[in-house]
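The structure appears below as structure tokens.
2 protein chains.
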Amino acid sequence: MPYMADSPFKSISILYRKSHIWLNSGCAQYHLSAAQAVVILIVCDFGGLTQDEITKRLSLDKSVIAKTVTKLEETGFLIRTTNAKDKRTYDIRPTEKAWAVYPAVKEQVDESFRRMTHQMTDAEREEFKRLLLLAADASLALDE
Amino acid sequence: MPYMADSPFKSISILYRKSHIWLNSGCAQYHLSAAQAVVILIVCDFGGLTQDEITKRLSLDKSVIAKTVTKLEETGFLIRTTNAKDKRTYDIRPTEKAWAVYPAVKEQVDESFRRMTHQMTDAEREEFKRLLLLAADASLALDE
DNA sequence: TTTATATGGTGGCATGTGCCACTATATTCA
DNA sequence: TGAATATAGTGGCACATGCCACCATATAAA
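Top to bottom, those sequences are chains A and B.
Residue 89 in this note's numbering sits at position 86 of the first sequence, and the numbers go up by one each step.
Residue 122 in this note's numbering sits at position 119 of the second sequence, and the numbers go up by one each step.
In structure tokens:
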């Protein structure tokens with residue numbers, strides 16, 4: 004019998020940590036951590052981004068993205084080239100190796116959402132998704 | 004203009020990280036981190052718990068709670084005594100210092116939820132809360 | 001009762017994340 | 001143009017968290 008998660012703050016913590024544990028174990032076979040998987044996902048989704056765009060889209064600290072991208076370059080998932088128009092920034096592009104794992108990573112992320120919502124009706128799941136996006140956008144807007 | 008957080012997985016990450024940043028800065032005046040604040044909250048809510056109960060209720064790894072409780076004992080917020088019926092476990096009780104910050108900590112946690120849901124209607128906010136609890140409970144149940 | 005298994009707690013290690021200081025390059029403005 | 005300011009990236013540090021190995025105590029099984 005699971006203990007009741009009785010405050011929304013606590014629920015969010017649990018959802019974050021559990022989904023990352025699931026993604027970590029699901030991506031281990033590709034030698035990727037959850038954090039690395041998320042970066043590969045977004046770079047492939049856009050077919051290439053500047054390092055700064057990745058930072059803004061994931062709204063993580065820029066130093067975090069710098070470290071993750073460095074690692075993914077070393078392991079051959081991403082390629083970094085200096086941006087022609089702004090020498091301060093990098094263009095990040097996926098390699099073949101990244102494209103190869105992309106569908107599986109995407110599926111793992113989707114699967115983790117299905118897991119946490121498996122007892123919801125389709126209508127509840129859609130509403131949950133909508134409210135999550137709404138709250139996340141509101142949280143980002145507060146920092147502007 | 005904030006970037007769209009376009010997947011529920013990413014939304015949950017953002018909500019978790021932002022709410023912890025808010026709680027960290029809100030609790031800094033009491034020399035408490037967000038993680039410590041959450042432990043104080045649950046110990047005061049129940050007026051005392053065993054260390055193992057805290058672990059299960061927050062569903063964090065037991066070593067994490069051990070470290071946090073050790074720190075909070077050192078800083079005078081909690082008292083640890085060996086449980087009479089089971090010498091392996093500890094009874095954790097709040098001190099006066101913990102009770103003194105408890106209302107403010109509770110308010111900070113509530114405030115963080117209000118922030119992320121400030122543009123929702125009351126009905127949406129209640130529904131969001133309900134779905135968060137539902138998903139968190141489902142996530143915990145999967146590990147049984 | 002003795003032995004095997006389960007459970008609560010601790011310490012060590014790795015990773016993720018945030019913050020800060022700093023460097024290099026761009027942009028703005030006087 | 002030249003100086004002030006803003007922005008992209010890096011490295012260091014601190015803390016949070018998860019996992020694992022291990023120890024001590026309880027509980028179950030023989």
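For glycine and all other residues, C-beta sits at the position ideal for the given N, C-alpha and C.
These numbers were taken from a predicted model, which means no experiment stands behind them.
Look up residue i in the DSSP assignment and give the residues it is bridged to.
| i | result |
| --- | --- |
| T53/B | D94/B |
| G15/B | Before going further, note that residue 15/B is Ile rather than Gly in the sequence given. I15/B is not bridged to any residue. |
| I82/B | R96/B |
Going along chain A in order, which residues have a C-beta closer than 8 Å to the C-beta of residue i?
| i | result |
| --- | --- |
| P11/B | F116, F131, K132, L135 and L136 |
Check each candidate in the options and name the one with the smallest Cα separation from residue i.
| i | options | result |
| --- | --- | --- |
| A40/B | D113/B, E129/B and K88/B | D113/B |
| A38/B | F49/B, Q111/B and R118/B | Q111/B |
| V72/B | Q122/B, A87/B, I45/B and K90/B | I45/B |
| R91/B | M119/B, S22/B and Q54/B | Q54/B |
| E99/B | Q32/B, G50/B and T124/B | G50/B |
| R60/B | G29/A, A107/A and S14/A | S14/A |
| P97/B | I57/B, K65/B, S115/B and V67/B | I57/B |
| T124/A | L137/B, Q122/B, M123/B and H121/B | L137/B |
| K70/A | L52/A, V42/A and D48/A | V42/A |
| D140/B | Y33/A, H121/A and D48/A | H121/A |
| Y33/A | Y93/A, S115/A, K132/A and V108/A | V108/A |
| G79/B | K88/B, W102/B, K132/B and K65/B | W102/B |
| I68/A | C47/A, T85/A, I95/A and D48/A | I95/A |
| D48/A | F116/A, K74/A, P106/A and K65/A | P106/A |
Mind listing the chain B neighbours of residue i? Cutoff is C-beta to C-beta under 8 Å, in chain order.
| i | result |
| --- | --- |
| V112/A | S10 and F12 |
To the nearest whole angstrom, what separates the beta carbons of residue i and residue j, a pair I think is in contact under 8 Å?
| i | j | result |
| --- | --- | --- |
| E127/A | L18/B | About 18 Å; that fails the 8 Å criterion. |
| R83/B | E77/B | Not quite, the Cβ-Cβ distance comes to about 10 Å (not below 8 Å), so this is no contact. |
| M119/B | S10/B | Not a contact, Cβ separation roughly 17 Å. |
| V104/A | L35/A | 7 Å |
| L143/B | S62/B | 6 Å |
| E129/B | E130/A | Contact doesn't hold; Cβ gap of about 12 Å is too wide. |
Taking 8 Å as the cut-off, is the beta-carbon of residue i closer than that to any non-hydrogen atom of the ligand FAD?
| i | result |
| --- | --- |
| G29/A | Among the components modelled here there is no ligand, and therefore nothing to report on the ligand FAD. |
Which residues of chain B have a Cβ atom closer than 7 Å to the Cβ of residue i, listed in chain order?
| i | result |
| --- | --- |
| S22/A | F12 and I15 |
| L35/A | The contacting residues do not exist; L35/A stays about 15 Å from chain B at best. |
How would you list, in chain order, the residues of chain A whose beta-carbon sits under 9 Å from the beta-carbon of residue i?
| i | result |
| --- | --- |
| T120/B | P11, L134, L137, A138 and A141 |
Please compile the residues from chain A whose C-beta is within a distance smaller than 7 Å of the C-beta of residue i.
| i | result |
| --- | --- |
| E127/B | L134 |
| Y19/B | I15, S16 and Y19 |
Below 9 Å on C-beta distance, what does residue i contact in chain B?
| i | result |
| --- | --- |
| Y105/A | Within chain B, no residue comes near Y105/A; the closest Cβ sits about 14 Å away, beyond 9 Å. |
Please name the residues in the stretch 40-74 of chain B whose beta-carbon is closer than 8 Å to at least one beta-carbon of chain A, in chain order.
-> Listed by position, the residues of the stretch 40-74 of chain B near chain A (Cβ gap below 8 Å) are V41, K59, R60, L61, S62 and L63.
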